[in-house]
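Structure first, then comments.
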């Protein structure tokens, strides 16, 4: 077999010398080595005598064999080197293309379309008892920025996220800021599923409560802000708990888009709402993210560019809420919420839901509301503001308590958001 192969290669060298120059360097070496071998084999008697040790110059024969082996080894090494360098070049080219497109990829994102069976399995993972007892109850306390209650809620949120198998990266973003009541320490809770993913879907709420002054003759009451915004916080925890196995798989797949959770501190004003006395946590985080290169080392894009869509949950808990779209650049994603609600209604998966479009309404127009999305919106991040309008009548009063939470509504909205996240992330 070796003689036949060598003969063919030698034939190419001898009769098609012009073709030799067209070949790669490694193949040229192999062909020249084969030609050399054929010349050596032309004297069969000499070959046989060398094999049996009768050759007058046996070292020369061994040198020839060694030279041929080295030539073949060199050719193989060069071929592998060229292949690896070509692969690295293509990979570098792919990365160089991906980074500039970070600003535009969000515009071409398309949702996946789970089947009816998949939708049923997804929403079956939502557990109202877990949402109410495990996630919400520990948050229904007074939680002013810098207070013991605030620290308790931070520990609770971090503990829930740390217990999940998806493997969240949880950080506390602490900072000091001047307020009408002096310097206060604030702490945002940040959780990212895959910090190295190029892009992020950001889901947010605020966890602090407003400091409500009481009249001197009023008994001491605690404002727990059930809808503002303990329930949204609990919903976010339930969403990632229900989708835990799916999110774990998403992380293992190293998907282009990951999920980030943000629980803002200091959303409420200490006195009257102004640009400087409100949104302490979101203003700080938006400014910070605008200075962090992403991917690491990038000179053109930051963590803000990585945010595909900023979804803010607020004032959720009362029965029969209405949600409208506030921004044109996120209208197509609001449409996905509308379709998700309709689909779940038709599948009979929502409770106390009289019509297919009870929550998310495209036929109602309401002006934008100042909230934690504002610092991100001002820097060009697309926003989906899921806030009940009109506001609950008991907003910013001690009446905003656990007994005002409508369980069916909160469970229904959590199911709608489960479907939305699954579609957006391709779970």
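In UniProt numbering, the protein residues as written are 1 to 427. By construction, the Cβ of each residue, glycine as well, lies at the ideal position given by its N, Cα and C atoms.
*Do residue 188 and residue 176 have their CB atoms nearer than 8 Å?*
no
_So, for residue 141: in the same chain, excluding its five sequence neighbours on each side, which residues have a beta-carbon less than 8 Å away from its beta-carbon?_
149, 152, 153, 222 and 224
*Segment limits, alpha helix (DSSP H) that includes residue 232*: 231-242
*Using only alpha-carbon positions, find the residue among 372, 341 and 109 that is nearest to residue 207.*
372
*Looking at C-alpha atoms only, which residue of 316, 328 and 363 is the closest neighbour of residue 393?*
316
*Which value, in whole angstroms, describes the spacing of the CA atoms of residue 133 and residue 213?*
29 Å
_Considering only the alpha carbon of each residue, which of 275, 238 and 231 lies closest to residue 164?_
238
*Is residue 391 helix, strand or coil when you go by DSSP?*
coil
*Based on Cα-Cα distance, which residue from 404, 297, 416 and 304 lies nearest to residue 429?*
In this structure the chain extends from 1 to 427, so residue 429 is not present and cannot be described.
*With a Cβ-Cβ cutoff of 8 Å, do residue 290 and residue 304 count as a contact?*
yes
_Which listed residue (122, 259, 137 and 292) has its alpha carbon closest to that of residue 229_ = 137
*Give, in chain order, every unbroken run of the alpha helix (DSSP H) that is at least 4 residues long and sits entirely within the segment 285-369.*
303-306 and 331-346
*DSSP three-state assignment for residue 49, whether helix, strand or coil*: The predicted model places residue 49 with a pLDDT of 44, which falls under 50 and marks its position as unreliable, so this point remains unresolved.
*Taking the alpha-carbon positions, what's the residue 283 to residue 125 distance?*
35 Å
*asked:* I'd like to know whether the C-beta atoms of residue 197 and residue 269 end up nearer to each other than 8 Å.
replied: no
*When the distance is taken between beta carbons, is residue 122 closer than 8 Å to residue 193?*
no
_Using the three-state DSSP reduction, which class does residue 209 fall into: helix, strand or coil?_
coil
_Three-pair Cβ contact test at 8 Å for the segment 275-282 versus the segment 370-388_ = yes
*Report buried or exposed for residue 87, applying the criterion of at least 16 other Cβ atoms within 10 angstroms of its Cβ.*
Summary for residue 87: the model assigns pLDDT 46, below 50, so the residue's position carries little reliability; its value from the coordinates is reported in the next sentence. Exposed, since its Cβ has fewer than 16 Cβ neighbours within 10 Å.
_C-beta contact flag for residue 414 and residue 324 at 8 Å_ = no
*Would a C-beta distance cut-off of 8 Å place residue 408 and residue 227 closer than the cut-off?*
no
*Where do the N-terminal and C-terminal ends of the beta strand (DSSP E) with residue 375 fall, by residue?*
Where residue 375 is concerned, there is no enclosing beta strand (DSSP E), although the alpha helix (DSSP H) it sits in stretches over 374-377.
*asked:* Among the candidates 204, 199 and 267, whose CA atom is the shortest distance from the CA of residue 432?
replied: Outside the shown range of the chain, which is 1 to 427, sits residue 432, and nothing can be said about it.
*Going straight from the alpha carbon of residue 191 to that of residue 421, what length do you get?*
16 Å
_One question on the structure: do residue 311 and residue 204 come within less than 8 Å of each other, judged by their Cβ atoms?_
yes
*So what does residue 386 bridge to, in DSSP terms?*
313
*Inter-residue CB distance, residue 294 and residue 306 (contact presumed, cutoff 8 Å)*: 5 Å
*From this set, 112, 232 and 114, which residue's C-alpha is nearest residue 402's C-alpha?*
232
*asked:* Determine whether the beta carbon atoms of residue 235 and residue 261 lie at a separation below 8 Å.
replied: no
*By the 10 Å Cβ neighbour count, where 16 or more other Cβ atoms means buried, how is residue 168 classified, buried or exposed?*
buried
_Using only the alpha-carbon positions, how far apart do residue 109 and residue 180 sit?_
43 Å
*Nearest neighbour of residue 358, chosen from 322, 329, 333 and 386 [CA to CA]*: 322
*When we look at the beta-carbon of residue 318 and count the other beta-carbons within 10 Å, is it buried (16 or more) or exposed?*
buried
*May I have the straight-line CA-CA distance separating residue 369 from residue 104, to the nearest angstrom?*
27 Å
*Which residues does DSSP pair with residue 190 in a beta bridge?*
171 and 262
*Local Cβ density within 10 Å of residue 354, reported as buried at 16 or more and exposed below that*: exposed
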